[in-house]
Ligand code: 6R9
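Residue numbers (the numbering used here): -6 to 664.
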């Protein structure tokens, strides 16, 4: 196994069990901290005496580490024979090869055997105080009914089912039902527009859709020739027009048995696709597989948040994002935990919603996004103080950088200065958290706004502009991960070449994250932001090219350029430069409205422009490439940092844009 370059590594299961139990009682860490009590598998790892040493071991002996954890924490139908068979330089990733398991059995059946009446899900519905609790027993029954229904209606192993639902128990049961019968799921965020949904259904070649009656249907999947049937669940009592291919879901579920034979899946069979934005116009369907993904989600949920049996885990992300997949559904359920499904918003009915919920549900770990924290901070401390938050033990942040002010407020006001705040860095591609302040020694320092420490099995590296690994500290670089880990996405659906080119080719032998990072003199990591044309609006990824594609479809528009700019609530806002076609006569305000409608209709509301500037021309290189760097500098008002303009085709274009931006600022502050 060659580790540093992350190259070819093949590691066959060792005589692990002999080693693990041999030294169980000999592993004591600093200050009397028992590493084996912290992680029982560590007993088999030899002289691993404290938590930092455990992290080092997990990287230097990743085969041994992951074999032990996989054997211990997953229920296998048949064991794997090879821990990993990976070659990052070729984009080949396989974990736990030869093993067979069923993800829904791991998330449900095994907990039903030990604690059937434990609450698996708390559905925090939009209407406050109307939560619904679902036990492991009833979630298994619901899952089996959906599994049987899908099977009866012809869904087979290997098919892909698209789920277009807000967070609710039936959405989770649908995901797990797919896993049970060996179908892949493709959850599409319910805030995506009909066209965005249609594009994802087509790309995934889904013939079966599961959705809810209200707000999200009504002929919305009409231009999807692959669609054969749509299961419609009733979120509200409002009737919808059902067509011949629509199936009333709850009615049909009642006809099904509550026992459903789980399929024996290979570790590397597909568990789900999840679409995310890249730097080109077309969203990519990242593919996650069964065993490695589940194990990684479970282990990170347990250790980053210090989750223990009996805790209530409150991740408020929507299930349509990877955070909802890993930390509302798979991680907590694999650990037999109690997890909250949050259907509402942070300010409904008022800005005390989160903390009222924390008090009512006695949430122990709260996991949310910086954009919401920044918003709530503005409403003032009284909304937090009003509620009892003594149940809270750990606070988490995800999706975008958390600025120091928001971090401090989260820590001191929400957490009363008692709870560690974990800023967790990861991506749809990584499957689970890769860098976070915990796990580490309980009293290890946490630096505000820094993700800090790599998780078990993660070896981050920074690359310089020459593509070389930077070995010193107190420096920035392109963030890569030097060796494979079980949670990583295996491919892009139907486009392995794009996977290879995006993640593996830029730095051969390494996984390229697309983010930049700073490594402090102590060796802690801080994410500085994307290095590509992806922007992050309220924690949601969107490619600038995706928005440009839509804007350019407007008949009055000749061309456009979209950039992200700092926005004090959303993190980044969307700024659009538009060049109109000659001879177009239209009021700018009308056109702005039209463009907003188009983006909202073709992508989603969150992608709508915050600011539109009409210009005569865009700054371009002589070869015709738009110089976004210049546009970004103008919008951030860093006119001294415009950089080298020598390759510009027409320098006057920049002056005009500066002037236009200035005029716009004096007219309207970009929201
Ligand atoms: C989990 C998730 C991934 C991108 C990622 C990065 C940004 C996520 C962050 C963070 C700074 C953090 N990001 N967590 N930036 N600090 N703690 O958000 O997945 O939707 O795929 O977005 O989000 O830029 O590359 P995803």
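By construction, the Cβ of each residue, glycine as well, lies at the ideal position given by its N, Cα and C atoms.
Collapsing the DSSP output to three states places residue 589 in a helix.
For residue 311, the shortest C-beta to heavy atom distance toward the ligand 6R9 is 8 Å or greater. Those residues whose C-beta sits under 7 Å from the nearest heavy atom of the ligand 6R9 are, from N- to C-terminal order along the chain, 269, 314, 315, 316, 390, 391, 392, 393, 394, 395, 416, 417, 418, 419, 420, 421, 422, 444, 506, 507, 508, 520, 522, 523, 529, 532, 533, 534.
By the beta-carbon neighbour count (other beta carbons within 10 angstroms, threshold 16), residue 344 is buried. Under a 10 Å Cβ-count criterion, residue 626 is classified as buried, with 16 or more other Cβ atoms of the shown protein chains found around its own Cβ. Following the DSSP letters along the chain, one finds residue 622 inside the alpha helix (DSSP H) bounded by residues 621 to 628. Within its own chain, the residues whose Cβ lies closer than 7 Å to the Cβ of residue 477, once the five positions on either side in sequence are excluded, are -1, 77, 79, 81, 86, listed in chain order. The beta carbon of residue 296 sits closer than 6 Å to those of 432, all from its chain and outside the five residues before and after it, given in chain order.
For residue 568, the three-state secondary structure derived from DSSP is strand.
Assignment of residue 536 by DSSP, reduced to helix, strand and coil, places it in the strand class. Excluding the 5 residues flanking it on each side, residue 304 has same chain C-beta neighbours closer than 6 Å at 357, in chain order.
Beta bridge pairing from DSSP links residue 37 with no other residue. Distance between residue 422 and residue 322, taken at the CA atoms: about 17 Å. Between the stretch 509 to 522 and the stretch 261 to 272 there are fewer than three inter-stretch CB-CB distances shorter than 8 Å, so the stretches are not counted as touching. Within the DSSP bridge table, the entry for residue 178 names 154, 265 as partners. For secondary structure counted as the alpha helix (DSSP H) over 4 or more consecutive residues, the stretch 289 to 347 holds these complete runs in sequence order: 324 to 327. Taking 3 residues as the minimum length, the beta strand (DSSP E) runs contained wholly in the stretch 429 to 477 are 453 to 456, 468 to 474, in order along the chain. Residue range 604 to 608 is occupied by the beta strand (DSSP E) that includes residue 604. Less than 9 Å separates the beta-carbon of residue 408 from that of residue 388.
Using a 10 angstroms sphere on the CB of residue 632, the tally of other CB atoms stays under 16, which defines it as exposed. Its Cα nearest to that of residue 96, the residue 136 stands out among 537, 58, 136. Sixteen is the threshold: since fewer than 16 other Cβ atoms of the shown chains lie within 10 Å of the Cβ of residue 341, the residue is exposed.
Fully enclosed alpha helix (DSSP H) runs of no fewer than 4 residues occupy 103 to 107 of the stretch 80 to 117, in order along the chain.
Cα atoms of residue 473 and residue 509: separation of roughly 9 Å, rounded to the nearest angstrom. Under the 10 Å beta carbon count, residue 246 is surrounded by 16 or more other beta carbons and is classified as buried. Straight across, the Cα-Cα distance linking residue 35 with residue 53 is about 14 Å. Under DSSP, residue 510 shares a beta bridge with 470, 520. Rounded to whole angstroms, the separation of the alpha carbons of residue 58 and residue 39 is 11 Å. Under the three-state reduction of DSSP output, residue 554 falls in the strand class. The C-beta of residue 465 has fewer than 16 other C-beta atoms within 10 Å across all chains shown, which makes the residue exposed. Nearest to residue 224 by C-alpha distance, out of 154, 177, 150, is 154. Taking C-beta atoms under 8 Å as the contact rule, residue 528 and residue 567 qualify, at a distance of about 7 Å.
In the displayed model, residue 406 falls within a helix according to three-state DSSP. For residue 364, no beta strand (DSSP E) encloses it; the enclosing alpha helix (DSSP H) starts and ends at 363 to 372.
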